Amino acid sequence: MKVVYKVLASLVAAEVAVQAMMVVLGDAGLFKYVEQGGVIDKATAESGGIQFPEFFAFVVHGVNGMMVIPVIALLLLISSFFAKIPGAVKGAALVVLLVVVQVSLGLLGHQIPALGALHGLNALLLFSAAVHAARRGRGAANAEVSDPDRPGARVETVV
Amino acid sequence: MDRTRRRGTRLRLALAGAATIALLGPLAWLWQASLMPGAYSVMDMGYADYGGALTHVAGTSEHAEHSQHSQHSGHSAGHSAGHSAGHSAGHTGHGTPARSLTSLTADPDREADVAITLVARKQRFRLPTGRSVDGYTLNGTSPGPVIHATIGQLVQVRLVNESVPDGVTLHWHGVDVPGAADGVAGVTQDAVRVGGSFTYRFVAGQAGTFWYHSHQVSHEQVRRGLLGALVVAPARPPAGAVDVVALMHLYDGARTINGREGDVRTEARPGERVRVRVINTENGQTPVWVGGAPFRLAAVDGTDLHEPAPVRDTAVLVTAGGRADIEVTMPGDGSPVRVHVGGPTGVVLGSRSYDAPAVPRPAIALDLLSYGTPAPLGLDADRPDRRFDYEIGRRPGFLDGRPGVWWTINGHMFPDVPMFMVAEGDVVRVRIVNDSGEPHPMHLHGHHAVVLSRDGVRATGSPWWVDSLEVGAGETYEIAFVADNPGIWMDHCHNLPHATEGLVAHLMYEGVSTPFTVGGTAANEPE
Ligand code: HEM
Ligand SMILES: [Cu+2]
Chain A
1439 MKVVYKVLAS LVAAEVAVQA MMVVLGDAGL FKYVEQGGVI DKATAESGGI QFPEFFAFVV
1499 HGVNGMMVIP VIALLLLISS FFAKIPGAVK GAALVVLLVV VQVSLGLLGH QIPALGALHG
1559 LNALLLFSAA VHAARRGRGA ANAEVSDPDR PGARVETVV
Chain Y
4 MDRTRRRGTR LRLALAGAAT IALLGPLAWL WQASLMPGAY SVMDMGYADY GGALTHVAGT
64 SEHAEHSQHS QHSGHSAGHS AGHSAGHSAG HTGHGTPARS LTSLTADPDR EADVAITLVA
124 RKQRFRLPTG RSVDGYTLNG TSPGPVIHAT IGQLVQVRLV NESVPDGVTL HWHGVDVPGA
184 ADGVAGVTQD AVRVGGSFTY RFVAGQAGTF WYHSHQVSHE QVRRGLLGAL VVAPARPPAG
244 AVDVVALMHL YDGARTINGR EGDVRTEARP GERVRVRVIN TENGQTPVWV GGAPFRLAAV
304 DGTDLHEPAP VRDTAVLVTA GGRADIEVTM PGDGSPVRVH VGGPTGVVLG SRSYDAPAVP
364 RPAIALDLLS YGTPAPLGLD ADRPDRRFDY EIGRRPGFLD GRPGVWWTIN GHMFPDVPMF
424 MVAEGDVVRV RIVNDSGEPH PMHLHGHHAV VLSRDGVRAT GSPWWVDSLE VGAGETYEIA
484 FVADNPGIWM DHCHNLPHAT EGLVAHLMYE GVSTPFTVGG TAANEPE
């Protein structure tokens, strides 16, 4: 379970990186399209057709943000119950909380653009929290390997 | 020592298991509860909302009991959709024997004035500019043929499905057709399977600009071309005026007018009056503006505005599904006029020259709340028989088992949404509130509603009758209409993917029932 915890936490961090890449990729594609004379209005934005090749990146950002990342965060929380790592539950709970905040800010940003700034900031907090959790997992996993004679040793200190 | 350790481990595991169940249990329950049955009647969907008119109807004790039942069970009724046949009695049974909406037709003995057959095909086709599109056609083209009728005529359209695998229907967007001819799969008919046909009959009761489109898997079929224009001319069309349809649709992201990328040219001589009928068949609002001459917004959603004044340097925002008739008088010096539709391209009107430069979109948008001059509404909106709220929100949850952040209506997620109950003749007032963070083009079938106010500011211009109303994020609209067309009518978002995400409710007349079901053997899927 320690490995699972570690992998899931790293996955959240990686997903945040993917999110940042996707949204800037989409943005760059959009601006290039406009530079070349393309026109975007609500009708084009909602048409579902592809006006510029990077449009897919926005779709990935939305699906990742609203479905994939919340599911990974939830699995991380569940794995934390079973992972014998000090502070695992707290670390995972923080990740879940920051994901909830992140998704809310992402959606509310459509109406109140200023919240988009907080969306960017909170992404960094989420990334840090996920990396921190993953490192916690790594430390524990190392301890397990380096001390094969006393596999239960850390359990005593956990509870 | 060993034993305490093992006990500790076991306790720990038990705790972890309990925490997991505490977390996943409610989620699993919510997931399970959100699953839709294989077939369900929209009559059983959600809970009845009588708009505060409990005493207005029949007043039998049976009624009171029923309505109480449906209101109390409102929170749990959603996932019982289709399970309880008896439940529908709560919506329809008020002493009046239910009549099937299949009986709500145009006079069957009357001969058709306009008769046309439309053959639907799934095929690869070419736009005039050469772009190849994998989509759907009607009589071999997309958009389908423009249907022309004159007010009062009986229009009869036979729809034949040659090769659309999911089945098709035709909905007459903006036309207040009889209940049986509304073309909504699973509500007013079964989707027409390959090899089948269905005949629509209705009287064109109002002169104006309308359109038709499939209402089976509509988010996909409309996008890929199952649509066309319908123009109803007045009894005495203005002599010597030019009349042009500008149906806007995007094929694979390419903006077209009447299926053509780039400009559409129409001949109009100096001094001539031109009516450009802009139809927005897309999922989002689009701006229309005019370069080279002032213009008047003559009609919205098929209804003429009252004394619309000429404007210039102003954009008209056309709601998704909505129509705007732009009227231009050609300049005397023979210079061409460009009617921009959503971008640099559009309809170019001219005679000697069509060299009309593109002009940028004006910063100002026409506010229909104060455009034109007032006229009698023909209804008393201050003393409505029913008052409904249609509050749009958004929250995370499951929609038929899919996790996501879905739309809500009055705090309820599909299918646990209100069924707006009316009786024939009621004056109905609806407050539409959008707290969902995104705009929604709301479309009520079978009726036209008049806008009373926006964000508490009363309408002071021409009566503004709509069938498709853009409700922006954070906005509140009050509208009113007369319930004068019995049936069961969709009241949904015309950003069609939003409808698949749960932004669908219905308006239901007391005493009307439908034999059709969503899902089932006909695989009806209206959204
Ligand atoms: C550095 C990282 C991130 C950046 C720079 C970023 C930026 C943005 C931007 C510019 C938007 C508005 C554009 C759009 O709606 O497509 C947006 C929307 C959104 N973001 Fe992010 N984001 C980041 C990370 C995340 C993460 C980690 C999540 C989820 C956990 C997330 C969830 C969302 C959601 C749900 C939306 C709304 C999408 C929609 O309405 O379709 N974002 N983000
Ligand atoms: Cu919508």
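Order-wise, the sequence lines are chains A and Y. First residue of the first sequence: 1439, per the numbering used here; consecutive thereafter. First residue of the second sequence: 4, per the numbering used here; consecutive thereafter. By construction, the Cβ of each residue, glycine as well, lies at the ideal position given by its N, Cα and C atoms. Here the structure is a predicted model, which means the values were calculated and not measured.
Here Q192/Y is bridged, per DSSP, to A188/Y. Below the 8 Å Cβ cutoff, chain Y contributes G287, Q288, T289, P290, G345, G346 as neighbours of D1479/A, in chain order. Rounded to the nearest angstrom, the gap between the Cα atoms of N286/Y and T1482/A is 8 Å. For a cut-off of 8 Å, the C-beta gap from V1533/A to L1514/A is around 6 Å, short enough to register as a contact.
Between V225/Y and the set L506/Y, T524/Y, P500/Y, A508/Y, the nearest pair of CA atoms involves P500/Y. F1469/A counts as exposed, since fewer than 16 other C-beta atoms from the protein chains shown sit within 10 angstroms of its C-beta. Taking 3 residues as the shortest admissible run, the region 295-380 of chain Y contains the following complete beta strand (DSSP E) segments, listed from N- to C-terminal end: 298-303, 319-321, 326-332, 340-344, 349-353.
Distances from the alpha-carbon of D403/Y to those of V293/Y, A36/Y, V469/Y, W492/Y put A36/Y closest. Between G55/Y and the set L233/Y, D429/Y, L253/Y, the nearest pair of CA atoms involves D429/Y. From the beta-carbon of T132/Y, no residue of chain A is found nearer than 8 Å; the closest lies around 15 Å away.
At a cut-off of 6 Å, the beta-carbon of L506/Y counts as near ligand 2: some heavy atom of the ligand is closer than that. If the five residues before and after G243/Y are omitted, its C-beta is found closer than 8 Å to the C-beta atoms of E275, R276, all from its own chain and listed in chain order.
For D1465/A, the uninterrupted alpha helix (DSSP H) run begins and ends at 1440-1473, by DSSP. Scanning its chain for C-beta atoms nearer than 6 Å, with the 5 sequence neighbours on each side dropped, one finds around V319/Y the residues V291, L300, A327, L369, in chain order.
For the region 246-265 of chain Y, the set of residues with a beta-carbon nearer than 9 Å to any beta-carbon of chain A comprises M251, H252, L253, Y254, D255, G256, A257, R258, in chain order. For a Cβ distance threshold of 8 Å, nothing in chain Y lies close to I1507/A: the least Cβ distance comes to about 12 Å.
The three-state secondary structure of A236/Y, taken from DSSP, is strand.
Taking C-beta separations shorter than 7 Å and ignoring five residues to either side along the sequence, the partners of R1574/A in its chain run I1523, G1525, A1526, G1529, following chain order. C-alpha of T259/Y to C-alpha of G265/Y: approximately 7 Å in a straight line. Assignment of V197/Y by DSSP, reduced to helix, strand and coil, places it in the coil class. Secondary structure of S456/Y (DSSP, three-state): strand. Those residues of the region 226-241 of chain Y placed with their C-beta closer than 9 Å to a C-beta in chain A are R226, ordered along the chain. By the neighbour-count definition (other C-beta atoms within 10 Å, threshold 16), V1462/A is an exposed residue.
Scanning Q156/Y, D169/Y, G211/Y, Q219/Y for the CA closest to the CA of G186/Y turns up Q219/Y. In the structure shown, T463/Y falls within a coil segment according to DSSP collapsed to helix, strand and coil.
Boundaries of the beta strand (DSSP E) harbouring A51/Y: 50-52, taken from the DSSP string. With a 10 Å radius around the Cβ and a threshold of 16 neighbouring Cβ atoms, L1559/A comes out exposed. Against chain Y, a Cβ distance below 8 Å from I1523/A picks out nothing, because the smallest value is about 12 Å. By the criterion of a C-beta distance shorter than 7 Å, L1449/A is surrounded in its chain by I1510, once the five residues flanking it on both sides are discounted. At a cut-off of 7 Å between C-beta atoms, A476/Y counts as an interface residue with respect to chain A. Within its own chain, the residues whose Cβ lies closer than 7 Å to the Cβ of K125/Y, once the five positions on either side in sequence are excluded, are Y139, S166, V167, P168, listed in chain order.
Residue nearest to V321/Y within the set R278/Y, G337/Y, G345/Y is G345/Y (criterion: CA-CA distance). Look at P406/Y: its C-beta is under 7 Å from a C-beta on chain A.
Listed in chain order, the alpha helix (DSSP H) runs fully inside the region 1478-1521 of chain A are 1480-1484, 1493-1501, 1507-1520, counting runs of at least 4 residues.
For F213/Y, the pairing in a beta bridge is given by DSSP as L233/Y.
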